[in-house]
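Respectively, the protein sequence lines represent chains A and B. As numbered in our numbering, residues -18 to 100 make up the first sequence, in order. As numbered in our numbering, residues 64 to 173 make up the second sequence, in order. The beta carbon of each residue, even a glycine, is placed where N, CA and C say it ideally should be. Quantities reported herein were computed from a predicted structural model and do not represent experimental measurements.
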Amino acid sequence: GAVVSQHPSRVICKSGTSVKIECRSLDFQATTMFWYRQFPKQSLMLMATSNEGSKATYEQGVEKDKFLINHASLTLSTLTVTSAHPEDSSFYICSASAPGGAAYTGELFFGEGSRLTVL
Amino acid sequence: GENVEQHPSTLSVQEGDSAVIKCTYSDSASNYFPWYKQELGKRPQLIIDIRSNVGEKKDQRIAVTLNKTAKHFSLHITETQPEDSAVYFCAASIVPMLTFGGGTRLMVKP
């Protein structure tokens, strides 16, 4: 299947700093990518939908000025957590949908995830 | 929007027994229902999926059933093994948007 790579896998930062997480589709072009957040022992919660060349669509309750999403190319979406605080510590996972057409299955392909710890 | 409920939240079985996890969804427009297995600190892995035009699908020890009328779907794992221990998530999708259930922690005791 399609491969999605996410980097970094782990990051520790000080409170007040910004952290950027990258999500790349390695062998296909992804016009749409999704960013999820997962707190310990909880489910994956959709934060935003990232569309190539346009503004991201944020879910209710997600601060767009705090979680900046950029989808500048068909293979790369970035999530920047600005002015991070300890409560932002979480597991962030991206996913991408493979191209449409006859072979389109609807399956989403997930990155490895990034564990953010804010001290 | 879509709402997915998943039960039970934890499930403990003896090795060799069957495990059943159930999910309900709210949006009748959902047309794709994947199941994921997630190990601690790792990405979710698709284990089986079913589409709205199919009532049942099986892959070796894993099967999924879908009742569109009642808006519920279930995961069945037979002959469970210790390596089946993980957290399982159901999801409902109006492709490509996924909404996840709350997860089920499955523990298979040897």
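Sheet register partners of residue i (DSSP bridge)
| i | result |
| --- | --- |
| LYS85 of chain B | B:HIS70, B:SER137 |
| THR61 of chain A | A:LYS1, A:LEU49 |
| THR98 of chain A | A:ILE(-7) |
| SER76 of chain A | A:PHE15, A:PHE91 |
| ARG114 of chain B | B:TYR95 |
| HIS(-12) of chain A | A:GLU3 |
| ALA155 of chain B | B:THR162 |
| GLN101 of chain B | B:VAL150 |
| SER24 of chain A | In DSSP, SER24 of chain A forms no bridge with anything. |
| LEU129 of chain B | B:PHE136 |
Neighbour-count burial assignment, residue i, 16 or more Cβ in a 10 Å radius
| i | result |
| --- | --- |
| VAL(-16) of chain A | exposed |
| HIS66 of chain A | exposed |
| ASP46 of chain A | exposed |
| PRO(-11) of chain A | exposed |
| LYS100 of chain B | buried |
| PHE20 of chain A | exposed |
| ARG(-9) of chain A | exposed |
| GLY166 of chain B | buried |
| SER56 of chain A | A small correction: the amino acid at residue 56 of chain A is Thr; Ser does not occupy that position in the sequence shown. With 16 or more other Cβ atoms within 10 Å, it is buried. |
| GLY42 of chain A | exposed |
| LEU100 of chain A | exposed |
| ALA83 of chain A | Confidence at ALA83 of chain A is low in this model, with a pLDDT of 44, below 50, so its placement is unreliable and no value can be given for it. |
| PRO159 of chain B | buried |
| THR73 of chain B | exposed |
| LEU7 of chain A | exposed |
Neighbouring residues, chain B, relative to residue i (Cβ below 8 Å)
| i | result |
| --- | --- |
| ARG96 of chain A | GLY104 |
| ALA13 of chain A | It is Thr, not Ala, that sits at residue 13 of chain A in the sequence shown. The answer, in chain order, is PRO159. |
| GLU88 of chain A | PRO97, LEU109, ASP112 |
| GLY92 of chain A | ARG106 |
| ILE(-7) of chain A | What ILE(-7) of chain A touches in chain B: nothing, since even the nearest Cβ is about 15 Å away. |
| ILE74 of chain A | ARG106, PRO107 |
Presumed contact (8 Å Cβ cut-off) between residue i and residue j, rounded CB distance
| i | j | result |
| --- | --- | --- |
| ILE84 of chain B | CYS153 of chain B | 7 Å |
| VAL127 of chain B | TRP98 of chain B | 6 Å |
| THR36 of chain B | VAL67 of chain B | Any answer about residue 36 of chain B is impossible in this case: the structure gives chain B only from 64 up to 173. |
Under 7 Å by beta carbon: chain A residues contacting residue i
| i | result |
| --- | --- |
| PHE136 of chain B | Going along chain A, no residue has its Cβ under 7 Å from PHE136 of chain B, so there is no contact; the nearest lies around 15 Å. |
| GLY166 of chain B | SER24 |
| SER156 of chain B | GLY87 |
Within chain B, the residues that residue i reaches when beta carbons sit closer than 9 Å
| i | result |
| --- | --- |
| SER71 of chain A | Going along chain B, no residue has its Cβ under 9 Å from SER71 of chain A, so there is no contact; the nearest lies around 12 Å. |
Chain-ordered chain B contacts of residue i [CB-CB under 7 Å]
| i | result |
| --- | --- |
| SER78 of chain A | PRO159 |
| ILE50 of chain A | None at all; the shortest Cβ gap to chain B is about 16 Å. |
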